Amino acid sequence: MMSSSRSTHFFLCICSAALILQLSASVCYGQNHVKDLVYKKIDTTELHLKVFYPNTYTAGKSYPSIVFFFGGGWITGSLSQFQEHAKYLASRGMIGITADYRYQKRDHTTPFEAIADGRSAIRYLRQHARELGIDPHKLAAGGGSAGGQIAAAADLTSDHNQNEDLAISSRPDALVLFNPVFNNGPGNYGYDRIGGRYKEVSPFHNIKPGAAPAIVFFGTKDQLVAVDTARAYQEVMKKNGNRCDLFFYEGQVHGFFNYRPAGDSYYYLLTLSKATSFLKSLGYIN
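The sequence shown runs -30 to -1, 1 to 256 under mature numbering (1 follows the signal peptide of the UniProt record, and there is no 0).
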């Protein structure tokens, strides 16, 4: 008789195999309708959005959407990190988007500029929702590590992009977060660069009722972001009446969820499957 743990693993393998087939379809069809847009200009710097449409896209209709922000500690990063996530969700009928933002190595900026750019990206998508085919009331944000912090901060912290139309909300309607930096306070990741202004941008320090529903993924051996910050975040979210689904993966380190075309994508598939179920529960996916 198969043990409970082996049965669970077998079931997850079957689910992953099914997801691989769906993912293959997204790779085939994801390139059919792609837009590259400039959402923000700062002096000579242009920040881009890459927009992946479902191959069933019909002009004039509006679609639930998700914009992903890459990780990299606000120091570096790649627009391609969440490209496969975006393409897969497009294959499920959403509009999947990846967003560039300013970071230290390329743009000589601080985390504050990165966070401001995240808000600008969400506001741009909502402002241009009709022409892009986006449902402005079903615009989710996602990201990993610092990108997860950018997404969560857009929901929870104050908007200081005074040169933009603040009447257009930059808050996401749902969050899909992969080992995000929740706490920017003393002793936590990023405090050395954010310093005494941490309460302005730290998601953990700004949780309140009415926050966007969130799903969070963490490896138990994350070597960069304290795992306990995720537990604390979920606890305070729930105390404020907010939904926060938290999943831990035993023995996994920072970045365990990434798509690896030449390697083991098991945890990419597993977390993507749970993210898909979460979005389905919110009515983003049929």
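Note that CB positions come from ideal geometry on N, CA and C, so glycine has one too.
Since we're looking at a predicted model, the values are computed, not measured.
Annotation: Lys31 is outside any alpha helix (DSSP H) and is labelled neither H nor E by DSSP. CA-CA distance, Glu54 to Gly41, rounds to 15 Å. With fewer than 16 other Cβ atoms from the protein chains shown falling within 10 Å of its own Cβ, Arg230 counts as exposed. In this structure Ala86 touches Asn131 by the C-beta definition: roughly 6 Å separates them, less than 8 Å. Looking at the DSSP output, Val4 shares a beta bridge with Phe22.
Spatial neighbours of Pro106 in its own chain (CB-CB distance under 7 Å, excluding positions within 5 residues in sequence) are listed in chain order as Arg96, Ala99.
The region 183 to 192 and the region 165 to 175 do not touch, with fewer than 3 CB-CB distances between them shorter than 8 Å.
DSSP places Thr199 outside any beta strand (DSSP E); the residue lies instead in the alpha helix (DSSP H), whose first and last residues are 197 to 209.
The C-alpha of Tyr237 lies about 7 Å from the C-alpha of Phe226. Assignment of Leu109 by DSSP, reduced to helix, strand and coil, places it in the strand class. Contact between the region 11 to 21 and the region 193 to 208 is not established, with fewer than three Cβ pairs separated by less than 8 Å. For Val186, DSSP records a beta bridge to Leu147, Leu216. For Ala245, there is no enclosing beta strand (DSSP E); the enclosing alpha helix (DSSP H) has its first and last residue at 236 to 251.
Exposure of Gln193 is indicated by the presence of fewer than 16 other C-beta atoms within 10 angstroms of its C-beta. Out of Ala123, Asn212, Val8, the CA that lies nearest to the CA of Ser115 is found in Ala123.
Cβ contact annotation for Pro179 (same chain, cutoff 6 Å, sequence separation greater than five): Asn210, Gly211, in chain order. In terms of Cα proximity to Ser140, the closest of Ser128, Val151, Gly30 is Ser128. A Cβ-Cβ contact shorter than 7 Å links Met64 with Ser35.
Contact between Ala111 and Ile138 does not hold, since the beta-carbon distance rounds to 15 Å and is not under 8 Å. When DSSP states are grouped into helix, strand and coil, Gly166 belongs to the helix group. Under the DSSP assignment, Gly66 falls in the beta strand (DSSP E) whose first and last residues are 65 to 69. Exclusion of the five residues before and after Ile45 leaves Tyr73, Gln74, Lys75 as the residues of its chain whose Cβ lies within less than 7 Å of its Cβ. Per DSSP, Lys178 lies in no alpha helix (DSSP H) and is assigned neither H nor E. In this structure, Leu59 is the residue among Gln204, Lys10, Leu17, Leu59 with its C-alpha nearest to the C-alpha of Leu242. Taking C-alpha positions only, Phe248 is separated from Tyr9 by approximately 28 Å.
If the five residues before and after Glu134 are omitted, its C-beta is found closer than 7 Å to the C-beta atoms of Ser90, Arg93, all from its own chain and listed in chain order.
The criterion of a C-beta distance shorter than 7 Å is not satisfied by Val151 and Gly157. According to the DSSP assignment, Ile92 belongs to the alpha helix (DSSP H) that extends over 81 to 97.
Lys11 sits in a strand when the DSSP states are folded into three classes.
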